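Trainee:
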Amino acid sequence: MTTITRFAPSPTGRLHVGNIRTALHNWMLARKAGGRFMLRIDDTDAERSREEYVDAIREDLAWLGLSPDGEERQSLRLAKYEAAFEALKAAGRVYPAYETAQELELKRKIQLGRGLPPIYDRGALKMTSEERSAKEAEGVLPHWRFKLDHDEPIGWEDGVRGAQKFDPAQLSDPVIRRADGSWLYMLPSAVDDLDMGVTDVLRGEDHVSNTAVQIQMFTALIAAQYAAAKMPSFAHEALLVGKEGKLSKRLGSLGCDAFRERDIEPEAVIALLARLGTSQPVEPIAERARLVDTFDLSTFGRAPAKFDDTELDRLNAAIVHQIDFAEVEGRLPDGMDEAGWHAVRPNLTHVTEAADWWRLVTGPVEQPDFSDEDRAFLALAVDALTWSDTPWQDLTASLKESTGRKGKDLFLPLRRALTGMDHGPDMKELLPLIGEDRSRDRLRAAASG
Ligand code: GLU
């Protein structure tokens, strides 16, 4: 059986780092199994869904390199939900309810006040047909609930959490359809998972109780309408939290835009999120195939995964140090060639910083003040400078010989004169890029003070 996973965002906002992690894990699960990764746009909430977010979701996935193998939209599948709803109704698994939101809230408060769990009391099921007719006559339209079977215990082997058990009598019959006919999340998602042949549902642990309810829905749908379909496997990953260990508002808005703005490479985001919260080490792995090969749900921990920006920057630097010139060419300052990229690459945390280092080559550079002694030394350097394939090695060897200077005394005044900086890319690589004329001019300017 082909593995089919899906990422099912609601287009009511931009993807945040938590969503991105879920998308990535579904993508890796499918890739590792040679299966399919589907994008499902959960846009049944017409009021809150926006087309611009649908576009943004596609763009973000493309930027991350998590292209789906297919896309479905719930708003285009309403007929399927209608048919499933009718089938469940005919099977006696769906019933109308007439309580207002205020009535339900009051019931909840009373239950909580008595120290009882706020489970829906099935008041609607106890109504007589006269009472129902009276409601209809008043013009009250019902919303619809799925009737849980209290005699059918709920359990599943969760890919992350292990054996899960729920007592259906301790759960409320979920509302699946509003009075205006629109759908809540629960039923369309189960219908789609069956209809699209989803084999593995991997999502955040905030969905565990939804899964409990949906398992009975899956069973009822398979019996009523989808005889050929199979219940998917479920896995719920621990949530992503800030480094202080709490669910953070900031993480809820941190997404690809912010990463792009900070010049974070998609591969750094991927390398971090692939293994965060697992027992495998987070490493700067730029090669997707390696991440896919080592992807393993059994290494996922139960504790919340901690997202730390400094770890992302560290990974980004390590990823940047691996990028080939051809991959990054279009993002480099004018005139910077492969040798230039190789010279500055080890000094970068972000690719944009290449421009700052490249200015050391193109100039002008701002030199510090030198002592008389250093100026005299730099004057000697002007004369000692000869040009070959190894001008820095030649220059320093000759000055070492003629002045007896070594180490820092030898290198630092030269670096300062040639680049204006105390540190930076390897001078062996930088000097050929600065070139003979500019090098001589800079040494001369420094020598004359
Ligand atoms: N649209 C739901 C969400 O964003 C999908 C959950 C699921 O994966 O089933 O939470």
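For what it's worth, my numbering labels the leading residue of the sequence shown as 11, then goes sequentially. Every residue gets a Cβ at the ideal spot worked out from N, C-alpha and C, and that includes glycine. Remember, predicted model here, so these are calculated numbers, not experimental data.
Three or more C-beta pairs closer than 8 Å, one from the segment 43 to 50 and one from the segment 262 to 275: is that the case here?
Mentor: Contact fails: fewer than three Cβ-Cβ distances are below 8 Å.
Trainee: How would you call residue 113, buried or exposed, if buried means at least 16 neighbouring beta carbons within 10 angstroms?
Mentor: Taking the sequence shown and counting its residues from 1, the one referred to as residue 113 is at position 103. The residue in question, residue 113, is exposed, as its Cβ has fewer than 16 Cβ neighbours within 10 Å.
Trainee: Sort 378, 459, 129 and 55 by Cα distance to residue 422 and report the nearest one.
Mentor: By one-based count along the sequence shown, residue 422 stands at place 412. When each option's Cα is compared against that of residue 422, the closest is 378.
Trainee: Which residues does DSSP list as the beta-bridge partners of residue 106?
Mentor: Translated into the one-based positions of the sequence shown, residue 106 becomes position 96. Paired residue(s): 154.
Trainee: Is residue 52 near the ligand GLU - that is, is its Cβ less than 6 Å away from at least one heavy atom of it?
Mentor: Translated into positions along the sequence shown, residue 52 becomes position 42. Yes.
Trainee: Assign residue 147 to one of three DSSP states: helix, strand, or coil.
Mentor: For the purposes of this step, residue 147 is taken as the residue at position 137 of the sequence shown. Residue 147 falls in the helix class under three-state DSSP.
Trainee: Looking at the strands, I want to know which residues DSSP matches up with residue 187.
Mentor: Numbered from 1 along the sequence shown, position 177 holds the residue referred to as residue 187. Answer is 154 and 193.
Trainee: Between residue 214 and residue 28, how many whole angstroms is the CB-CB distance? I'm expecting something under 8 Å.
Mentor: Against the sequence shown, residue 214 aligns to sequence position 204. Against the sequence shown, residue 28 aligns to sequence position 18. Between residue 28 and residue 214 the Cβ distance is about 7 Å, and since that is below 8 Å, they are a contact.
Trainee: Specify, as a first and last residue, the run of the alpha helix (DSSP H) that residue 329 falls within.
Mentor: As a first step, residue 329 must be located in the sequence shown, where it is residue number 319. It spans 319 to 330 - the alpha helix (DSSP H) in which residue 329 sits, taken as one unbroken run.
Trainee: I'd like the list of long-range same chain contacts for residue 208, defined as Cβ closer than 8 Å, with 5 residues on each side in sequence excluded.
Mentor: In the sequence shown, the residue the question calls residue 208 occupies position 198. So the qualifying residues of the chain are 14, 15, 16, 48, 202 and 242.
Trainee: Could I get the ranges of all uninterrupted beta strand (DSSP E) runs contained in the segment 235 to 318, with 3 residues as the minimum, in chain order?
Mentor: Listed in chain order, they are 243 to 247, 250 to 252 and 315 to 317.
Trainee: At what residue ranges does the segment 384 to 421 contain a whole run of the alpha helix (DSSP H), taking only runs of 4 or more?
Mentor: Those alpha helix (DSSP H) runs which fall completely within the segment 384 to 421 and span 4+ residues are 401 to 413.
Trainee: For residue 116, which of helix, strand or coil comes out of DSSP?
Mentor: Along the sequence shown, one-based indexing puts residue 116 at 106. Residue state, collapsed to three classes: helix.
Trainee: Run through DSSP, which three-state label would residue 177 get?
Mentor: Residue numbering aside, residue 177 sits at position 167 when the sequence shown is read from its first letter. Residue 177 falls in the coil class under three-state DSSP.
Trainee: Would you call the CB atoms of residue 191 and residue 248 closer than 7 Å?
Mentor: Position 181 of the sequence shown, counted from the start, is the residue given in the question as residue 191. Position 238 of the sequence shown, counted from the start, is the residue given in the question as residue 248. Taking 7 Å as the Cβ cut-off, residue 191 and residue 248 do not qualify as a contacting pair.
Trainee: Run the proximity test for residue 222: is its beta-carbon closer than 6 Å to any non-hydrogen atom belonging to the ligand GLU?
Mentor: Position 212 of the sequence shown, counting from 1, holds the residue named residue 222. Incorrect: residue 222 has no Cβ contact closer than 6 Å to the ligand GLU.
Trainee: With the cut-off set at 7 Å, would you say residue 58 and residue 32 are in Cβ contact?
Mentor: On the sequence shown, residue 58 is found 48 positions in, with the first residue counted as 1. On the sequence shown, residue 32 is found 22 positions in, with the first residue counted as 1. Their beta carbons are not under 7 Å apart, which means residue 58 does not touch residue 32 by this criterion.
Trainee: Can we count residue 31 as close to the ligand GLU, meaning its CB is less than 6 Å from some heavy atom?
Mentor: As a position in the sequence shown, residue 31 is number 21, starting the count at 1. Not so, every heavy atom of the ligand GLU lies at least 6 Å from the Cβ.
Trainee: Any idea what DSSP makes of residue 38, helix, strand or coil?
Mentor: Within the sequence shown, residue 38 is the residue found at index 28, counting from 1. If DSSP states are grouped into helix, strand and coil, residue 38 belongs with the helices.
Trainee: Quick one: Cα of residue 41 to Cα of residue 205, how far?
Mentor: Counting from 1 along the sequence shown, the entry for residue 41 is found at position 31. Counting from 1 along the sequence shown, the entry for residue 205 is found at position 195. Each residue's Cα considered, the two are about 21 Å apart.
Trainee: Which whole-angstrom value describes the C-beta separation of residue 453 and residue 392, a residue pair presumed to lie in contact below a C-beta threshold of 8 Å?
Mentor: In the sequence shown, counting from the first residue as 1, residue 453 sits at position 443. In the sequence shown, counting from the first residue as 1, residue 392 sits at position 382. Indeed, because the Cβ distance is near 5 Å, the residues count as touching under 8 Å.
Trainee: Just verifying my parser: in three-state terms, what is the DSSP assignment at residue 211?
Mentor: Residue mapping note: residue 211 aligns to position 201 of the sequence shown, counting from 1. Reduced to three states, the DSSP call for residue 211 is strand.
Trainee: Going by DSSP, which residues form a beta bridge with residue 129?
Mentor: To locate residue 129, count along the sequence shown from 1; it is residue 119. None, per the DSSP bridge assignment.
Trainee: With distances taken between CB atoms, is the gap from residue 52 to residue 18 smaller than 7 Å?
Mentor: Against the sequence shown, residue 52 aligns to sequence position 42. Against the sequence shown, residue 18 aligns to sequence position 8. Cβ distance < 7 Å, so residue 52 and residue 18 count as in contact.
Trainee: Would you call the CB atoms of residue 353 and residue 435 closer than 7 Å?
Mentor: Residue 353 sits at position 343 when you count from the first residue of the sequence shown. Residue 435 sits at position 425 when you count from the first residue of the sequence shown. Yes, Cβ-Cβ distance for residue 353 and residue 435 is below 7 Å.
Trainee: Please classify residue 277 as buried or exposed, where buried requires at least 16 neighbouring CB atoms within 10 angstroms.
Mentor: Locating residue 277 in the sequence shown gives position 267, counting from the first residue. Residue 277 should be labelled buried.
Trainee: Enumerate in chain order the residues of its own chain whose CB-to-CB distance from residue 309 is below 6 Å, with the five nearest sequence positions on each side excluded.
Mentor: The sequence position of residue 309 within the sequence shown is 299, counting from 1. Excluding residues within five positions, the ones whose Cβ falls inside 6 Å are 288, 289 and 290.
Trainee: On a Cα-Cα basis, can you pick out the residue from 189, 159 and 186 that is closest to residue 176?
Mentor: Residue 176 sits at position 166 when you count from the first residue of the sequence shown. Checking every option, the nearest Cα to that of residue 176 belongs to 159.
Trainee: Within the present structure, is the beta-carbon of residue 19 separated from the nearest heavy atom of the ligand GLU by less than 6 Å?
Mentor: Along the sequence shown, read from residue 1 onward, the residue named residue 19 stands at position 9. For the ligand GLU, at least one heavy atom lies less than 6 Å from the Cβ of residue 19.
Trainee: Can you give me the Cβ contacts of residue 262 inside the same chain, cut-off strictly under 7 Å, excluding the 5 residues immediately before and after it?
Mentor: Against the sequence shown, residue 262 aligns to sequence position 252. The answer, listed in chain order, is 26.
Trainee: Would you list the one or two residues that DSSP bridges to residue 48?
Mentor: Mapped onto the sequence shown, residue 48 falls at position 38. In the DSSP output, where bridge partners are listed per residue, residue 48 has 16 and 80.
Trainee: Could you tell me which residues DSSP puts in a beta bridge with residue 168?
Mentor: On the sequence shown, residue 168 is found 158 positions in, with the first residue counted as 1. According to DSSP, which records beta bridges pairwise, residue 168 is partnered with 172.
Trainee: Find out if the Cβ-Cβ distance for the pair residue 185, residue 153 is shorter than 7 Å.
Mentor: Numbered from 1 along the sequence shown, position 175 holds the residue referred to as residue 185. Numbered from 1 along the sequence shown, position 143 holds the residue referred to as residue 153. Yes, they are a contact pair.
Trainee: Once the 5 residues before and after residue 295 are set aside, which same chain residues still bring their CB inside 7 Å of it?
Mentor: The residue you call residue 295 lines up with position 285 of the sequence shown. Here the set comprises 281 and 301.
Trainee: Determine, using beta-carbon pairs with one atom in the segment 142 to 149 and one in the segment 60 to 72, whether at least three such pairs fall under 8 Å.
Mentor: Verdict: no, contact absent.
Trainee: Beta carbon of residue 388, beta carbon of residue 317: below 7 Å?
Mentor: Sequence index remark: in the sequence shown, residue 388 carries index 378 (1-based). Sequence index remark: in the sequence shown, residue 317 carries index 307 (1-based). No.
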